[in-house]
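Top line first, the protein sequences correspond to chains A and B.
In terms of our numbering, the first sequence opens at residue 218 and continues consecutively.
In terms of our numbering, the second sequence opens at residue 218 and continues consecutively.
Here is the structure we will look at.
2 protein chains.
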Amino acid sequence: MENTEDIRPKRRGPLPLDPFDRKILGALAADADQSYAALGEKVGLSPPAVHERVKRLKRAGAIRDMVARLDGTAVGKPLTAFVHVEAAGWGKSERLMQLARFPEVEEMHSVAGDASVIFKVRMESPQALEFLLGQIHSVPGVRGTKSYIALSTYLDRPVQAEVTTDWPGVPLPPE
Amino acid sequence: MENTEDIRPKRRGPLPLDPFDRKILGALAADADQSYAALGEKVGLSPPAVHERVKRLKRAGAIRDMVARLDGTAVGKPLTAFVHVEAAGWGKSERLMQLARFPEVEEMHSVAGDASVIFKVRMESPQALEFLLGQIHSVPGVRGTKSYIALSTYLDRPVQAEVTTDWPGVPLPPE
DNA sequence: CAGTTTCGCCGAAGATTATTCGCCAGAAAA
DNA sequence: TTTTCTGGCGAATAATCTTCGGCGAAACTG
Chain A
218 MENTEDIRPK
228 RRGPLPLDPF
238 DRKILGALAA
248 DADQSYAALG
258 EKVGLSPPAV
268 HERVKRLKRA
278 GAIRDMVARL
288 DGTAVGKPLT
298 AFVHVEAAGW
308 GKSERLMQLA
318 RFPEVEEMHS
328 VAGDASVIFK
338 VRMESPQALE
348 FLLGQIHSVP
358 GVRGTKSYIA
368 LSTYLDRPVQ
378 AEVTTDWPGV
388 PLPPE
Chain B
218 MENTEDIRPK
228 RRGPLPLDPF
238 DRKILGALAA
248 DADQSYAALG
258 EKVGLSPPAV
268 HERVKRLKRA
278 GAIRDMVARL
288 DGTAVGKPLT
298 AFVHVEAAGW
308 GKSERLMQLA
318 RFPEVEEMHS
328 VAGDASVIFK
338 VRMESPQALE
348 FLLGQIHSVP
358 GVRGTKSYIA
368 LSTYLDRPVQ
378 AEVTTDWPGV
388 PLPPE
């Protein structure tokens, strides 16, 4: 129910993943709602073999969880924004963490740069954002905020399994 | 496989959702890997009733998809960053969109504020980020970028089904 | 206000899938 | 070579999904 607890990976470094694992992860990141048979078809393994690997990948922490991605507009929160918070002392305060209790807050990162913490939020309206900003400003140590309101979202996908190994030279690859 | 096509919601405004729908959406956003029986138990409906509603919520676009959330570190991309791109003319160019071909790029938003486009990226290393920045700067019209590197991620969850209706006064609610 | 339609739930049943198990081949260790 | 271990496969069972008919409550009609 509450996935606010601890999102640190179960392992420190990268996991040893063979091509089968990569394919499975890639397929599941795109669609977690397919059968092991369909999955096995795509990667070239039998359903039990895929099942075994998925279980292992979950235990190892490569798969954090399976979730339904909801449409913000449909659930009544059409306004996406990134809020940069400049805090006085150290970024993470227990008080700031409490803001996770608002379901509008989806992400909180402490960052290097001229902001201390970045929030990703999804609001019902500009007024709701104003209220949330009020909450943020009421946290001791918060000096100021900068809000970036999303006008259009062109891409929004989960962590991809692939990693670019050889980066092309300056021009973009043709396809 | 490629979910880059069109992520616009199927409907314009909010969907009429009764308490059952809210509960189902909330439960699925937290864990999409549970049976309709377990889901029905939580919301107080029979498995077929839940099944029917989930099907409807998918058709209506409230549920975009079900995905596995991978651990960035485990798959070899431990570095999360937000890159603000300042572009000359209008934010969205076909050329900029091509950057979605890199699996490191997870989000692209055009925003109001002193940036044109915000990227959320997940990289293998600072060097990889440097390469990606090179790619971004090679796009015509791009004036400059600002990068915010995530030091810690305190919260990272999908769109929540709940909406805060009555915002508390200035102080944070006690719990 | 009764008749009628619609909507959405439930229980049961069949189809599909998940999950376990034993066996076996290939690689690694001895 | 022999042994051990790892990981895949096919088959079998358990669990789940999915469909279907029936039924009650609410919402329209006349």
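Backbone N, C-alpha and C define an ideal beta-carbon position, used for all residues, glycine too.
No experiment lies behind these values; they were computed from the predicted model shown.
With respect to the C-alpha of Ala279(B), the residue from Gly278(A), Gly289(A), Asp282(A), Arg276(A) having the closest C-alpha is Gly289(A). Residue pairing by DSSP places Thr381(A) in no beta bridge whatsoever.
The Cβ-Cβ distance between Val328(B) and Leu234(A) does not fall below 8 angstroms. Residues of the stretch 298-318 of chain B with a C-beta atom less than 9 angstroms from some C-beta of chain A are Ala298, Phe299, His301, Gly308, Lys309, Arg312, Leu313, Met314, Gln315, Leu316, Ala317, Arg318, listed in chain order. Chain B places no beta carbon closer than 8 angstroms to that of Pro233(A), leaving this residue out of the contacts. Within the stretch 266-289 of chain A, the residues whose Cβ lies closer than 8 angstroms to any Cβ of chain B are, in chain order, Ala277, Gly278, Ala279, Ile280, Arg281, Asp282, Met283, Val284, Ala285, Arg286, Leu287, Asp288, Gly289. For Lys240(A), not one C-beta of chain B is nearer than 8 angstroms to its own C-beta. Among the residues of chain B, those whose CB is under 7 angstroms from the CB of Glu379(A) are Pro320, following chain order. Apart from sequence neighbours up to five positions away, the residues of its chain that approach Arg312(B) with a beta-carbon distance below 6 angstroms are Val356, ordered along the chain. In chain order, Gln251, Leu256, Lys259, Val260 place their CB closer than 8 angstroms to the CB of Ala244(A), counting only its own chain and leaving out the 5 sequence neighbours on each side.
Residue environment for Asp383(B): exposed (fewer than 16 other C-beta atoms within 10 angstroms of its C-beta). A Cβ of chain B is located within less than 8 angstroms of the beta carbon of Ser369(A).
Pairing Ala378(B) with Ala266(A), the inter-Cα distance amounts to about 35 angstroms. Looking at Met283(B), Arg318(B), Asp331(B), Gly293(B), the one whose alpha-carbon comes closest to that of Ala246(B) is Met283(B). What Tyr253(A) touches in chain B, judged by beta-carbon distance under 8 angstroms, is nothing: the nearest beta carbon there is about 13 angstroms away. Glu258(B) carries a helical assignment under DSSP once its states are collapsed to helix, strand and coil. For Phe348(A), at least one C-beta of chain B is nearer than 8 angstroms to its own C-beta.
Around the beta carbon of Glu323(B), a 10 Å sphere encloses 16 or more other beta carbons of the protein chains shown; the residue is thus reported as buried. The CB of Pro375(B) comes closer than 8 angstroms to the CB of Val284, Ala285, Arg286, Leu287, Glu323 in chain A, given here in chain order. Here Ala298(A) has Val338, Met340, Leu346, Ser364, Tyr365, Ile366, Ala367 as same chain residues with Cβ atoms under 7 angstroms from its own Cβ, once five neighbours each way along the sequence are excluded. Under the three-state reduction of DSSP, Ala304(A) is assigned to strand. For Glu341(A), the nearest CB of chain B lies under 8 angstroms from its own CB, placing it at the interface with that chain.
With contacts defined as CB atoms closer than 8 angstroms, Tyr253(B) and Pro264(B) qualify as a contacting pair.
Here Gln352(A) is buried. Its C-beta has 16 or more other C-beta atoms within 10 Å. Each of Val300(B), Lys275(B), Leu262(B) was checked against the Cα of Ile335(B), and the nearest Cα belongs to Val300(B). Leu274(A) has its alpha-carbon roughly 30 angstroms from the corresponding atom of Phe348(B). Residues of chain A whose Cβ lies closer than 7 angstroms to the Cβ of Gly293(B) are, in chain order, Pro231, Val380. For the 8 angstroms CB-CB criterion, Leu350(B) and Thr362(B) form a contact.
Taking C-alpha positions only, Ile241(A) is separated from Arg281(A) by approximately 14 angstroms. Taking Ala249(A) as the centre and dropping the five residues before and after it, the same chain places the C-beta of Met283 closer than 7 angstroms to its C-beta, in chain order.
Taking 8 angstroms as the CB threshold, Pro357(A) stays off the interface with chain B. For Lys275(B), the enclosing alpha helix (DSSP H) has its first and last residue at 264-277.
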